[in-house]
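Everything below concerns the one structure shown next.
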Ligand SMILES: [Mn+2]
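Numbering (our numbering), first residue to last: 16 to 588.
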């Protein structure tokens, strides 16, 4: 992949102002300016990642109404059912509320729909289950904001419903008893970036506050909330920073038996856990529970109090993840050969591929991989025998695929999602019309510039400027994730020392030593084997890199993560 290097935009005045106000070196001031840390007040807000300074849950619309109602249900010893979704955010949100209500001795059950027979969100089966066991109240997790029919159905069964969700609302709202969702139009909650698991935590905190219970009764589950936050890629700013910081500590301390059992399957050193590691290790395993089998096992694992049971489920999920990986690879390869055999795909500004022999559970991952490889909006559709297709769509920066799908929605049965990731269902007889409209739209809306993959650089940073002050500053900025990315640096005129190595299970990692101004660093480049020739050319190189954030204790142990590399004669940045 040939990236175009761009600097992030920064105002010179703001940088100079920060530099003089805080007496800081320029690279640090630039990074602060980009993150809006411009004055003492912003700085203090950024510093405050204490779990005890979260926003008041009662700032959320309908929190009071919901908590009061739940209290009367608890007093009357009524049965409550938590209805979650089958992805990691839904599973973790469900787990939190289930454990929380259990700890209050509430008669509580949970229900997670089956992806293949019931689909996303609240299902009729879940409502029937709740009715059958004599429950009075359903609390949804990470879903429900557009479940108009299902909530109506619950009402006919005399079930009360409280929706907790974080998805955008459609024009109408369902007729639930109450809806807790920071993103609903009339909610003035100060932070809109909560995950489904985060909203569940807020409800538990609201109940604590209103019943005079210690907030630790809810906050003990920040490790579980953290997995939902990371998995849903919500921004790691505001409350999410505080929750994740606390959650990562709890994960390190092995507070949750199920999470620990999963980590043991991945053989990760627990005192160095990062967001990225969780994203690539245990989160896919929890996800695979719902992608190739029964997602309720995810809740069973996370809520388990039994080491042996947890170990067994973790081992099962690990095996299923391996199965899922091999299905993913075969669908991915199938897509690649379709692309290679069809010249028209190269000419278009988006990729749409379909089949009737793929696996619904991997469409999203494959769409992401295709998008990454070709840097075009990508739609992957699988048709079932009845002619109904399920699609996953992934987009590139600067193209809102949700809006585009919405424009083409007259050809679709249903659709939902957000700017970068959307899903839909379609009848096979409408596929041609849909494709035609979508291709026309992308032709019009996407210019060539957008199709060029770009890397955004925070600031230039020479090797000599990597000092303990900078490392301390990076620690202060962390944890990194969406919305609070690890800073990306540029260093020019770098000399490669010795012979670069090719390492990794698939021989796709390059490792080499660089030197500049009397210091040496080890550089690791994942999936960068195509750049190996630059390293052995003997020419000086320019590199774009991150400083690895999980090992910052001593300067000698830091590693540079390579993002891209250019030799001096092919620089366009
Ligand atoms: Mn979610």
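Glycine residues also receive a C-beta, built at the ideal position from the N, C-alpha and C atoms.
These numbers were taken from a predicted model, which means no experiment stands behind them.
Quick one: give me the first and last residue of the beta strand (DSSP E) that residue i is part of.
i           : result
residue 436 : 436-442
residue 295 : Looking at the DSSP string, residue 295 is not in any beta strand (DSSP E); the run it does join, the alpha helix (DSSP H), is 290-295.
residue 72  : From DSSP, residue 72 is part of no beta strand (DSSP E); its letter is neither H nor E.
residue 21  : 19-22
residue 407 : 403-409
residue 195 : 193-195
residue 280 : Counting along the chain, residue 280 falls outside any beta strand (DSSP E), though it belongs to the alpha helix (DSSP H) covering 272-281.
Among the candidates the options, whose CA atom is the shortest distance from the CA of residue i?
i           : options            : result
residue 524 : 209, 576, 214      : 576
residue 155 : 116, 142, 98, 254  : 98
residue 280 : 314, 386, 325      : 325
residue 649 : 552, 556, 553, 563 : Lying outside 16 to 588, the shown extent of the chain, residue 649 is not represented and no answer is given.
residue 435 : 419, 264, 404      : 419
residue 36  : 55, 22, 407        : 55
residue 553 : 508, 519, 542      : 508
residue 187 : 210, 205, 194, 161 : 161
residue 150 : 195, 93, 171       : 93
residue 370 : 398, 357, 485      : 398
residue 486 : 43, 33, 27, 30     : 43
residue 47  : 444, 291, 488, 218 : 488
residue 373 : 350, 363, 393, 364 : 350
residue 234 : 19, 66, 210        : 66
residue 310 : 378, 329, 380      : 329
residue 484 : 38, 559, 403       : 38
residue 169 : 157, 182, 152      : 152
residue 404 : 378, 501, 423      : 378
residue 246 : 520, 219, 213, 272 : 213
residue 228 : 561, 470, 116, 557 : 116
residue 89  : 262, 510, 226, 337 : 226
residue 561 : 506, 520, 84       : 506
Suppose contacts are defined by Cβ-Cβ distances below 8 Å. Is residue i in contact with residue j by that definition?
i           : j           : result
residue 270 : residue 238 : yes
residue 411 : residue 388 : no
residue 243 : residue 104 : yes
residue 465 : residue 431 : no
residue 113 : residue 123 : yes
residue 256 : residue 307 : no
residue 551 : residue 503 : no
residue 76  : residue 199 : yes
residue 515 : residue 251 : no
residue 128 : residue 101 : yes
residue 241 : residue 258 : yes
residue 347 : residue 300 : no
residue 335 : residue 303 : yes
residue 232 : residue 118 : yes
residue 191 : residue 176 : yes
residue 438 : residue 406 : yes
residue 248 : residue 108 : no
residue 478 : residue 548 : no
residue 184 : residue 173 : no
residue 273 : residue 210 : no
residue 469 : residue 18  : yes
residue 219 : residue 111 : yes
For the alpha helix (DSSP H) that residue i lies in, which residues bound it at each end?
i           : result
residue 535 : No alpha helix (DSSP H) holds residue 535; the beta strand (DSSP E) holding it covers 534-541.
residue 105 : 103-118
residue 527 : Looking at the DSSP string, residue 527 is not in any alpha helix (DSSP H); the run it does join, the beta strand (DSSP E), is 524-531.
residue 222 : 211-226
residue 506 : Where residue 506 is concerned, there is no enclosing alpha helix (DSSP H), although the beta strand (DSSP E) it sits in stretches over 504-518.
residue 32  : 27-37
residue 186 : It is not in any alpha helix (DSSP H) - residue 186 carries neither H nor E in the DSSP assignment.
residue 341 : 322-355
Our contact map puts residue i next to residue j with C-beta atoms below 8 Å; I'd like the distance itself, whole angstroms only.
i           : j           : result
residue 449 : residue 441 : 6 Å
residue 125 : residue 314 : 6 Å
residue 426 : residue 445 : 4 Å
residue 145 : residue 96  : 4 Å
residue 317 : residue 106 : 7 Å
residue 51  : residue 57  : 6 Å
residue 394 : residue 367 : 5 Å
Skipping 5 residues on each side, what residues in its chain have a beta carbon closer than 6 Å to that of residue i?
i           : result
residue 546 : 580
Can you find the residues in the same chain that come closer than 7 Å, C-beta to C-beta, to residue i, ignoring five residues on each side of it along the sequence?
i           : result
residue 260 : 64, 494
residue 253 : 206, 208
residue 283 : 292, 296
residue 133 : 140
residue 429 : 439, 440
residue 364 : 391, 457, 458, 461, 466
Using a Cβ-Cβ cut-off of 8 Å (strictly less than) and excluding sequence neighbours within five positions of residue i, which residues of its own chain qualify?
i           : result
residue 41  : 30, 34, 474
residue 28  : none
residue 512 : 527, 528, 529, 530, 535
At a cut-off of 7 Å, would you count residue i as near ligand 3, judging by its Cβ distance to the nearest heavy atom?
i           : result
residue 404 : Summarising the ligand content, the structure contains ligand 1 and does not contain ligand 3.
Counting only beta-carbon separations shorter than 8 Å, does residue i have a partner in chain B?
i           : result
residue 388 : Going by chain labels, chain B is absent from the structure shown, which holds only one protein chain.
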